[in-house]
Each structure stands twice: as structure tokens, then as C-alpha cells.
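Protein chains in written order, with the UniProt record's numbering: chain A, 1 to 487; chain B, 1 to 487.
In this text, a Cβ means the ideal position worked out from N, Cα and C, and glycines have one as well.
As the structure is a computational prediction, the values presented were derived from the model and not from experiment.
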């Protein structure tokens, strides 16, 4: 292995021989655990339930119904096949005019409550949000330069934003004491730390609504962040891929809306960019619809050229152009999807609350940010990882530990709730209930499960030393890599 | 403009502010000329005919027929919709198992005459050949390192291989005197030049069949190139995206076949990689099917991680999995497509020959490499560009000048013949015929056209000085950029 590795080091690129992609982080380890033993209600009822995947599966029936009454939308039906040649053959990186010119820009408007207008000429396609995020960084920064990013943040940012572009991510630490809000102080601190380390900061990246928090940024915070970036002549990149998952008040405020505010007129629009996608809002991650929307002409031009590397299949563009042009359907879908998310969120968080587990108050996203600090043996990241391994291996739920999101406080976990049916949610809740020992009468747990039960009163772990060590004995193959400024 | 540009230079990346993508090369200028005045038999019969696009439009009827009798292949038909949710939701970067595991590997085998076996586990998806080419470079080389590439070569290599990866391309000059064959001498020369310039060569990139030549590499040449790269411990990347366009003898030899040769057993397979795509062989560029196939495990792993940036829409993967699994259809399609290409090639080259225009003898591809040297006013690239502008602006054919392929000898042009119907080919031939003054009796040309007629005997340009200057007066906005070693 050592020899193999040394051999490859000399003939391959640094990208191929380092671990900067971050795939060996706990986040991906959890996926692997699920993959090797996936839950199925009949075939594998004791398998791992996947709660690590932010998928929106609640409204597929609406899309399927639309497809059935619109066979012409597909180039692979009798009704639509006469477009097959023209569509399969189309390869202009501007994208199909009928897709880009109106439907996608209009959908972006509607998913932001219709309070803002998007110029179709500024819509650039990319291979999913993954491709869109990398594209915008390639446009804005040179290797070695940096972006500030509020933590906790999406673990795959390490791959998407950093891996091939060579930029650094510098976390802005958000704290539970004020509900993980982004403070002016933390932003300033991160920026000044970078300056002291002689790292050129090129911008700030916001995920709004936040993954993993499920919260939205209020107008004042957005204004203050826009002022900050404008003042320092750095970029503000807003990843708004969860825009239409907002299911409760306060309503979503897009950076585009803030830019329209007269009060912010003085800001340089050339420094503002939005990343969007249909993976979360419409639940179509397989279709790879990523969007870069920039207010800067040069960035639009450059990103458009880069879209050659991750264009969306024209078969898919053509289909979505037809579906998103149906304004009545889009309005209905957005309203219904938000309602279903609200209902699911309420059901899941209520279930958790009944067993004493609190979540950060949220109004968006496909997940909850669970506060499991009371369950930690001690207040360390080692303890967090031990608890996490137990949840995966014994409770058989793949949730994601806060450390994989670069959270600076141990004990927080993200649990996704929209990638399963009602029955599976209830099974997950039942497992959690059993785990924390909330059973009013009669003990249905196995001897093994008994060992895992927590004392109800103080919700502290009471599992045997042996088990604790077992979970510690299976260490992470490689911890998530950090920016040069962290720790 | 100057101010705008300076402003962007300070806030954007070098990628966004330099011209390294090569989009202002003559090759793209030709596309723009076509775009502003496209030929249509009824709506715009005097428009520009697009002969700059290597598209394979000759066999769409076969695919359409297959679709009609296989409605289940699509997730957007009544017959296939029950797969919609699972497919639209799938986002594993290994790709749909039913697509990658068998059909695509088998198709690669069949399109190479069934004389070689491909391991499905080594098939990695990418966003078209564009994405596949960039991916393999990101895996193999660091910025500043270089690849040798026989010239003439595909102009967009400057974007695909070089732009974001930061590697250099060093041409291996091929000459008309031996039909543009790659000689050991030229390879050695390019390699040694790089060494003298202190540039680390990481590999050699072959396009086989060649774009723009339409020729295939014989087994001995492949063996000698493999020996060379093996001896120098550098990579051999074979772009085989035109494998199934071989329509005449000699038959196509894949590098995979050469690797199987006992005689080449000593070669390090870890240094060999194939780029493939369905854009040319099946005529589906809009679907963005790019493939990296590597014999090196570490490259397979790394490329797989990179495929997140340009995954193929699962709607398209699912559809193609069904179609390519139909072995009878695939066999029929490949045979019929080759036959149609052969017929079209013969018709077009015969037509050219009748007016005295010779092409390099070829057996593959979707284009001819036309020798228009006798038509040059003098033997310079300026003259080539003048002739080209005349062909575009007066003859209204968008062909591509050799200089855009980095050809070192002026007077060669690539003309694509498979992206149009029979009638359009005949109109193109008629225009060429008129242009070179081959009309046996009766002069149908307009006064303007008369000016453009060439003397039949020596096929030399006889247009007025004024016209010549006109075409020179419209200079290229930016010449194609070159590697640090060229000129």
C-alpha cells in the first residue's frame, strides 16, 4: 500500500493523491453504514434508517400526476418524439432557450414568493448545486485565496468549493447561545484572522435557508452582511437552494430582494451572486439542475463558458421547461410542498419533544438540528462521535454529527425527515423513544437494548464501558480537513 | 471598458479575466457567423450552411423507432412512470447501476468490434467528453505540468484540458508530407523541447480516430507510442470518442486492444486511460454522456469523486440503460450508422473531387480534411484566414480553418458532412462547384459571384484586391492561444 501510494504520488496529481475532497469525513462514513444495511419495512425491518440525506420526497405524486396528463413534455413518448432529434442534438452551452429564457427564471421568482425579478440572461446552468458552487468559486478566486463561511455548514462544501479550486474556507463561528445567528462580531473576527494570516479573503458564502440549521436569515442580518462585503470590496455568494422549503414564518428573504431595497442602493451589485438548484425545492437531485445567477456580467460570461463541463441533459431541460411553464402547476406544487414539509416537520419535532429532545427552532429545510448535548458522556467531540456511532450502530439511524458540519460545539446532530414515508418516520421515532427509555409501562427492549437505555431523568448515557470503548475503537478513517485557520 | 476590465481584474479570478478558454479563436468565430444567418431550405435558402459542427445526425430514425416500441424506457410515459421517483431521486455519483454496470461497458466493447473487454467497475461518468477530458487531466497533472498532443487537434482542447487545470499542451507536429502520421521523431522532439524548457511532461493525448483528420492510428503506431510513454513513465490518454464512426478499412484499434497484446505485457497499465462519449458515436451530444475509463485504480477513485461536478441526468441514464441493453438494437445501430456514414462520406468526397478538391484519405469521423492549398493566394496563415472568410461570407459555408486546429501548414480545412440531410449536402456541393467555377455551360452566377470564381485550371484565387482586403480587414478578435513552446 505504501509503495503503491508512493508510486501514484509521483505520477498522479496532488488532487488524486491527497484527501482534500473530504470524502473520508464522518458525514460520508454515515452514508456507508446505511449503504451496507439499509432499512426496508419488509425486507430489512432492522436495517439502518437513512436520516443523513437531505432529500425532498414528499411531493412526487404531484409531479407524476402532471406527467401523466402532459405526455408531450417528454421526447420519449409518442406525443413528444417529433422533438427528439432537435433536443438530443442540441449542445449550446447557453442551454435550451425554452428552458433558460423563462421557466427557470420564473420558478426562481415564484420560489421566492414573487417579490423579486430575475433576468433570464443572467441564468447560467451547471451540474447541480455541486457544479454551480465550484463554478462560482472558479470565477471569483485564485488558488490560495479564501472565502468566509458561517459554521456549521454543509460538509461537502469542502469538496464543492475548495477541492479543485484550491481556495480556503474560513469559518465564521456561530454559537448555540444565540441560536447560531451570524453576528457582526464573528464575521469581523474571521475576516481579521485571515488578514493577520496574510490570506486574501475574496468573499463570504451564505447558505440561506441554512443547511444544517433549517433557519432563514432575516432582512437585517442580510443587510448587515451585504454592507460588510460591500465595504471590504469582497463577494457575497448566496446559496439559496432551499428557498422553497420554507414552510413557516418568518418568510424567506432572498439576497435579490435585499439588493432591490432603496437603502442598499449604494452597494456594488457586481459583488453579489446566487447559487440555485432544483434538487431540494423540487426533489429532483438526479436531474442535476444547478444554476449560477450573477449580477456581474463578467461572471455570467465566464460561468457560461464553464457550464460546458456540467451541462444539464437536454432531455431533462426539455421536460422541465414544459413542466415549469405550467404556472398553475408550479403555484400549486410550491404551496402543497411547503404544507407537507410543515406537517412532517411538526410531526417529527413533536415526537422528539415527547422524549425530551429539543431541536433548534426552524422554519425551513428538510432536516432538524437536534440538541443531544444532554446525552453526551462529557462535553467533547470524542463523546459526540461515540454517541453518533451508537445511534448508527445500535439505534440504527443514520443522523449526522455536528462536527461533520464544522460545528464548534459538541452534541448537535442533523436529522433529515423528508426522505421517507410516514411509516418510516414513526419507526424512527419509536427507535429513538426506546433508546432514551421513554416507555411508560412494560419493557419491550431486548437485553442488548436495555444496556443502551438512558436514565430518563437527566438523559445521560448509561451504556457499559465495554460498549463505549467498542464505538471508540472504530475511529474515523480520516477526520474532516480544515482550513489553515481552524484550530 | 478599460476601467471595467481593471475593476474586474482586481475582484475576479484570473480564469474570469484572461482569454485562456480560447473562445475567441477562429473556430468559434465561424460558429457565430452561422448563428447570425443559418441556412434553411425554405426560410433562408441563402443562409450559411453549418459544416463546422461534428454532429452525427444520420441515424436518428433508428433511435426514434426504438423509442416508439419501448415506452417503458422513459420515466415520463404511462408505462415507465412508476420508476420516476426512484430515478429522479437517485444521486449516487457511481451512476445508476443499471446504466454503468453493463450497458455502457458493453457498448464500448461493441463499438470497438467486440475485440476487447471493459470492466464496468472502471467506468466513470462525466459531463460529456468535455467534462471527461478535464477530469482526467485534474487526476493526472498539477498546474504548470504538460501533455503532448499531436497537431492538428480539436480546438476546444484548449478549454477542456487546459483552462481550469492550468496544464500546458505541447503540440507534436504532424505533416502533410506523410499524411499527418505521428512519427517517433516528432514525438521525441516535442518531449525534448519540453525538457529543455524545464516543463514537466505528464503524458501524451491521442485522439483516435482523429479529429480533424478522420483517420485511425494503426496498431504499430499505437504500440510505439505506448512504448514511448511507458519508457518515460508518463501517461497515455486515448480520446476514443469517434470509435464507432469508423466506416471503412482499416478497422479501428483501441488502445485497450493493444494493451491486451502479449508483446506489450511489460507496459504499466496504471499509465493508460480512455476518454469516451456517446455524443459522436450515437449522435446524442445534448445528453452529455462522457466516460473516463482508467486502468489505474487511484484514477478511477479520484475521477469518480470528481463526477459529482458533471453527473449525467438520471432520466437520461435510465433511458440509455434500457436502449443500450437491447443488444440486437445496438448491433443493428452500429452497423447501419457506419454504412450511412460511409455512403455520405463517399458522396461528399466524390463531389469535391469532381471540382478538383482533394481530401486526406480517411476511414472515420464526421468530417473531411480538405486540402485547399492550391486556392491560397500565398502560402501563409493570413491567406488561409482570408480564404476562410470568403468561404464563410461569400460561399456561405461554415468550414473550419486548419489554423484553428493548430495545424502547422496553411491551406487545410475541416468540413463536417454528417450534420445535415442529403439535400443540404448537395446544396453545399453546388455552392462549392460554383465557387471554383466548375460550370460546363451557362453561367448562373450573379455579378458578385463572378468575382469570386476561381480559374479552373490552376485552382487559384482570382478575386479582386478589394474583396481580399475586405476579408483581411475583419481580423480575428483574438488568435487561438498557444502553449509556451509554440512559435
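_Buried or exposed (CB count within 10 angstroms, at least 16 for buried), residue 168 of chain B_ = Within the second chain, residue 168 of chain B is the residue found at index 168, counting from 1. Residue 168 of chain B counts as buried, since no fewer than 16 other beta carbons sit within 10 angstroms of its beta carbon.
*Evaluate residue 212 of chain B with the Cβ neighbour count: other Cβ atoms within 10 Å of its Cβ, from every protein chain shown; 16 or more gives buried, anything less gives exposed.*
Counting from one through the second chain, the residue named residue 212 of chain B turns up at place 212. Counting Cβ neighbours within 10 Å, residue 212 of chain B comes out buried, since at least 16 surround it.
*Could you pull out every unbroken beta strand (DSSP E) segment of at least 3 residues lying fully inside the stretch 224-272 of chain B, listed in chain order?*
Annotation: the stretch 224-272 of chain B contains the following complete segments of the beta strand (DSSP E) (minimum length 3 residues), in chain order: 235-239.
*asked:* Please classify residue 454 of chain A as buried or exposed, where buried requires at least 16 neighbouring CB atoms within 10 angstroms.
replied: Locating residue 454 of chain A in the first chain gives position 454, where the first residue counts as 1. Here residue 454 of chain A scores only 39 on pLDDT, less than 50, and its place in the model is too uncertain to base an answer on.
_Please report the distance separating the alpha-carbon of residue 412 of chain A from that of residue 147 of chain B._
As a working note, residue 412 of chain A is residue 412 in the first chain. As a working note, residue 147 of chain B is residue 147 in the second chain. Whole-angstrom Cα-Cα distance: 48 Å.
*Which word fits residue 305 of chain A, buried or exposed, when buried means at least 16 other C-beta atoms lie within 10 angstroms of its C-beta?*
Residue numbering aside, residue 305 of chain A sits at position 305 when the first chain is read from its first letter. It is buried - the Cβ of residue 305 of chain A has at least 16 other Cβ atoms within 10 Å.
*Going along chain A in order, which residues have a C-beta closer than 9 Å to the C-beta of residue 299 of chain B?*
Working through the second chain from its first residue, we reach residue 299 of chain B at position 299. Within chain A, the residues whose beta carbon sits less than 9 Å from that of residue 299 of chain B are 8, 12 and 16, listed in sequence order.
*Taking only beta-carbon atoms, is residue 251 of chain A less than 8 Å away from chain B?*
Along the first chain, one-based indexing puts residue 251 of chain A at 251. No, residue 251 of chain A does not count as interfacial toward chain B.
_Beta-carbon proximity of residue 387 of chain A to residue 397 of chain A, cut-off 8 Å_ = For this step, residue 387 of chain A is matched to residue 387 along the first chain. For this step, residue 397 of chain A is matched to residue 397 along the first chain. No.
*According to the neighbour-count rule (16 or more other Cβ atoms, all chains shown, within 10 Å of its Cβ), is residue 133 of chain A buried or exposed?*
Translated into the one-based positions of the first chain, residue 133 of chain A becomes position 133. Buried.
*asked:* Within a Cβ cutoff of 8 Å, which residues of the same chain sit near residue 474 of chain A, ignoring the five residues on either side of it in sequence?
replied: Taking the first chain and counting its residues from 1, the one referred to as residue 474 of chain A is at position 474. Note on residue 474 of chain A: pLDDT 30, under 50, position unreliable in the model; the coordinate value appears next. Result list for residue 474 of chain A: 389, in chain order.
_Candidates B:221, B:196, B:198 and B:197, of which the one nearest residue 208 of chain B by Cα_ = Residue numbering aside, residue 208 of chain B sits at position 208 when the second chain is read from its first letter. Per the Cα distances, B:221.
*With a threshold of 16 other CB atoms inside 10 Å of the CB of residue 23 of chain B, please say whether the residue is buried or exposed.*
Here residue 23 of chain B refers to the residue found at position 23 of the second chain. Result: buried.
_Sheet register partners of residue 33 of chain A (DSSP bridge)_ = Numbered from its first residue, the first chain carries residue 33 of chain A at position 33. Residue 33 of chain A pairs with nothing; no bridge assigned.
*Round the Cβ separation of residue 153 of chain B and residue 405 of chain B to the nearest angstrom and send it over; I've been treating them as touching at under 8 Å.*
Here residue 153 of chain B is taken as the residue at index 153 of the second chain, counted from 1. Here residue 405 of chain B is taken as the residue at index 405 of the second chain, counted from 1. A Cβ-Cβ separation of about 6 Å places residue 153 of chain B in contact with residue 405 of chain B under the 8 Å criterion.
*Quick one: which residues of the stretch 295-321 of chain B get their C-beta closer than 7 Å to a C-beta of chain A? List them in chain order.*
Taking 7 Å as the Cβ-Cβ cut-off against chain A, the residues of the stretch 295-321 of chain B that qualify are 298, 299, 302, 305, 308, 309, 310, 311, 312, 313, 314, 315, 316 and 319.
*asked:* Quick check: the Cα distance between residue 40 of chain B and residue 47 of chain B, rounded to an integer number of angstroms?
replied: Here residue 40 of chain B refers to the residue found at position 40 when the second chain is read from its first residue. Here residue 47 of chain B refers to the residue found at position 47 when the second chain is read from its first residue. Cα to Cα, the separation comes out at about 7 Å.
_residue 254 of chain A: contacting residues in chain B (beta-carbon distance under 8 Å)_ = For the purposes of this step, residue 254 of chain A is taken as the residue at position 254 of the first chain. Here the premise fails: no neighbours, minimum Cβ distance about 22 Å.
*DSSP state of residue 302 of chain B, grouped into three classes?*
The residue you call residue 302 of chain B lines up with position 302 of the second chain. In this structure, residue 302 of chain B counts as helix in the three-state DSSP scheme.
*Looking at C-beta atoms only, is the number of pairs between the stretch 412-423 of chain A and the stretch 342-351 of chain A that lie closer than 8 Å three or more?*
Taking a cut-off of 8 Å for Cβ pairs, the stretch 412-423 of chain A and the stretch 342-351 of chain A touch, as three or more such pairs fall below it.
*Decide yes or no for the touch test of the stretch 106-113 of chain B against the stretch 321-336 of chain B: beta carbon pairs closer than 8 Å, at least 3 of them.*
Yes, the stretch 106-113 of chain B is in contact with the stretch 321-336 of chain B.
*Is it true that the CB of residue 432 of chain B sits closer than 8 Å to the CB of residue 395 of chain B?*
Position 395 of the second chain, counting from 1, holds the residue named residue 395 of chain B. Position 432 of the second chain, counting from 1, holds the residue named residue 432 of chain B. With a cutoff of 8 Å on beta-carbon distance, residue 395 of chain B and residue 432 of chain B are scored as near each other.
*From which residue to which residue does the beta strand (DSSP E) around residue 416 of chain A run?*
Translated into positions along the first chain, residue 416 of chain A becomes position 416. Looking at the DSSP string, the run of the beta strand (DSSP E) that includes residue 416 of chain A is 412-416.
*Which first and last residues belong to the beta strand (DSSP E) in which residue 207 of chain A is found?*
On the first chain, residue 207 of chain A is found 207 positions in, with the first residue counted as 1. Start and end: 201-207.
*Under the three-state DSSP convention, the category residue 379 of chain B falls into*: Residue mapping note: residue 379 of chain B aligns to position 379 of the second chain, counting from 1. Residue 379 of chain B: coil per DSSP, three-state reduction.
*Measure the Cβ-Cβ separation of residue 174 of chain A and residue 15 of chain B and say whether it is below 8 Å.*
Here residue 174 of chain A is taken as the residue at index 174 of the first chain, counted from 1. Here residue 15 of chain B is taken as the residue at index 15 of the second chain, counted from 1. No; because the gap between Cβ atoms is not below 8 Å, this pair is not in contact.
*Can you tell me the Cα-Cα spacing of residue 206 of chain B and residue 421 of chain A, whole angstroms?*
Numbered from its first residue, the second chain carries residue 206 of chain B at position 206. Numbered from its first residue, the first chain carries residue 421 of chain A at position 421. Answer to the nearest angstrom: the Cα atoms are 51 Å apart.
*Identify each residue in the stretch 47-69 of chain B for which the Cβ-Cβ distance to at least one residue of chain A is less than 8 Å, and report them in chain order.*
55, 57, 60, 63, 64, 67 and 68: these are the residues of the stretch 47-69 of chain B whose beta carbon lies less than 8 Å from some beta carbon of chain A, given in chain order.
*Counterpart residues of residue 50 of chain B in DSSP-defined beta bridges*: The count along the second chain starts at 1 and reaches residue 50 of chain B at position 50. Answer by DSSP bridge pairing, in chain order: B:398.
*Within the same chain, show all residues whose beta-carbon is closer than 6 Å to that of residue 150 of chain A, passing over the 5 residues directly before and after it, in chain order.*
Counting from one through the first chain, the residue named residue 150 of chain A turns up at place 150. Within the same chain, Cβ atoms closer than 6 Å to the Cβ of residue 150 of chain A are found at 172, 174 and 182, the five residues on either side in sequence being excluded.
*Please say whether residue 123 of chain A and residue 289 of chain A have beta carbons closer to each other than 8 Å?*
Residue 289 of chain A sits at position 289 when you count from the first residue of the first chain. Residue 123 of chain A sits at position 123 when you count from the first residue of the first chain. Contact: no.
*Roughly how many whole angstroms lie between the Cα atoms of residue 437 of chain A and residue 283 of chain A?*
For the purposes of this step, residue 437 of chain A is identified with residue 437 of the first chain, where counting begins at 1. For the purposes of this step, residue 283 of chain A is identified with residue 283 of the first chain, where counting begins at 1. Spanning the two alpha carbons is a distance of roughly 35 Å.
*Starting from the beta carbon of residue 139 of chain B, find every residue of chain A whose beta carbon is closer than 8 Å, and list them in chain order.*
Along the second chain, read from residue 1 onward, the residue named residue 139 of chain B stands at position 139. Chain-ordered, the chain A residues with CB closer than 8 Å to the CB of residue 139 of chain B read 12, 13, 15 and 16.
*Can you give the Cα-Cα distance for residue 43 of chain A and residue 260 of chain A, rounded to whole angstroms?*
Translated into the one-based positions of the first chain, residue 43 of chain A becomes position 43. Translated into the one-based positions of the first chain, residue 260 of chain A becomes position 260. Their Cα atoms are separated by approximately 54 Å.
*Test: residue 193 of chain A CB closer than 8 Å to a CB of chain B*: Counting from 1 along the first chain, the entry for residue 193 of chain A is found at position 193. Closer than 8 Å to the CB of residue 193 of chain A there is not a single CB belonging to chain B.
*Enumerate in chain order the residues of its own chain whose CB-to-CB distance from residue 8 of chain A is below 6 Å, with the five nearest sequence positions on each side excluded.*
Mapped onto the first chain, residue 8 of chain A falls at position 8. Short of 6 Å from the beta carbon of residue 8 of chain A, and not among the five residues preceding or following it, lie these beta carbons of its own chain, in chain order: 17.
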